[in-house]
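Asker:
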Amino acid sequence: MKDKLSVAEIAKAIYTINRHAKAAPKPQHLYYIKKEAIEKLLKEKKAEKVGLHFSNNPKFSNQHSTLLVKVDQYYFHLPPTKEDFQNLKHLGSLDSDFRNPRTKMSLSYAKRIIYQYIDWQEQNKPAKRKHISSYYTPSSLGKMEWPPTKKF
556 MKDKLSVAEI AKAIYTINRH AKAAPKPQHL YYIKKEAIEK LLKEKKAEKV GLHFSNNPKF
616 SNQHSTLLVK VDQYYFHLPP TKEDFQNLKH LGSLDSDFRN PRTKMSLSYA KRIIYQYIDW
676 QEQNKPAKRK HISSYYTPSS LGKMEWPPTK KF
């Protein structure tokens with residue numbers, strides 16, 4: 556079933572995930588699956604490293620670089636490795652006029668494609684916790700032991 560996924564379809568899914576991650580309140584998981592998918596594409600030689608760019612969002616007021624990767628007709632940025640600095644050309648600042656092709660795909664469908672491609676299984680999904688009001692005070696009425704030994 557993985558073979559049916561085209562590089563173009565995977566690229567569109569990564570684009571959709573990346574676009575949603577930029578506005579998500581907790582984007583860590585979306586960026587993680589984006590990175591995993593691109594790294595797998597690079598290993599399979601279905602994507603190519605283009606070069607390094609200066610980031611538009613400097614960390615702690617320090618200029619840093621990001622790795623530019625081409626997947627099909629889309630370009631994405633990832634954190635670079637030490638080898639990338641040694642082996643790739645620095646392209647300078649980002650071209651603010653360039654935009655990836657517009658794509659319409661739902662986030663849930665994009666995630667399904669990427670999960671299938673990277674063969675991802677959800678690890679230990681956290682159990683939904685029952686909400687307990689902070690005003691709730693458990694009663695000791697009907698308890699056999701007094702004073703109660705359990706802490707609430």
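Going by my numbering, the first residue of the sequence shown is number 556, and it counts up by one from there.
Every residue, glycine too, gets a C-beta built ideally from N, C-alpha and C.
In this text the structure is predicted, and so the values were computed from the model without any measurement.
(1) If we count the other Cβ atoms within 10 Å of its Cβ and call it buried at 16 or more, is HIS608 buried or exposed?
(2) List the residues that DSSP assigns as beta-bridge partners of TYR630.
(3) Here's the rule I'm using: 16 or more other beta-carbon atoms within 10 Å means buried, otherwise exposed. How should ALA563 be labelled?
(4) Using alpha carbons as the reference points, say which of GLY647, ALA592 and HIS645 lies closest to VAL626.
(5) Using CA atoms only, rank isn't needed, just tell me which of ASN611, LEU585, LYS600 and ASP639 is closest to THR571.
(6) From LEU662, ASN642, ASP650 and LYS567, pick the residue whose C-alpha is nearest to that of ALA709; which is it?
(7) Kindly list the residues whose CB is nearer than 7 Å to the CB of LYS590, restricted to its own chain and excluding five residues on each side of it in sequence; keep chain order.
(8) What does the alpha-carbon distance come out to for the pair SER610 and PHE631?
Answerer: For this structure:
(1) Along the sequence shown, read from residue 1 onward, the residue named residue 608 stands at position 53. Under this definition HIS608 is a buried residue.
(2) For this step, residue 630 is matched to residue 75 along the sequence shown. In DSSP, TYR630 forms a bridge with LYS625.
(3) Stepping through the sequence shown from its first residue, residue 563 is reached at position 8. Flag for ALA563 reads exposed.
(4) One-based indexing of the sequence shown puts residue 626 at position 71. Checked all of GLY647, ALA592 and HIS645; the closest Cα to VAL626 is ALA592.
(5) On the sequence shown, position 16 is the one that residue 571 refers to. Considering only alpha carbons, the answer is LEU585.
(6) For residue 709 there is no data in the structure shown, the boundaries of the chain being 556 and 707.
(7) Locating residue 590 in the sequence shown gives position 35, where the first residue counts as 1. Here the set comprises LEU633.
(8) Along the sequence shown, read from residue 1 onward, the residue named residue 610 stands at position 55. Along the sequence shown, read from residue 1 onward, the residue named residue 631 stands at position 76. One C-alpha to the other measures close to 12 Å.
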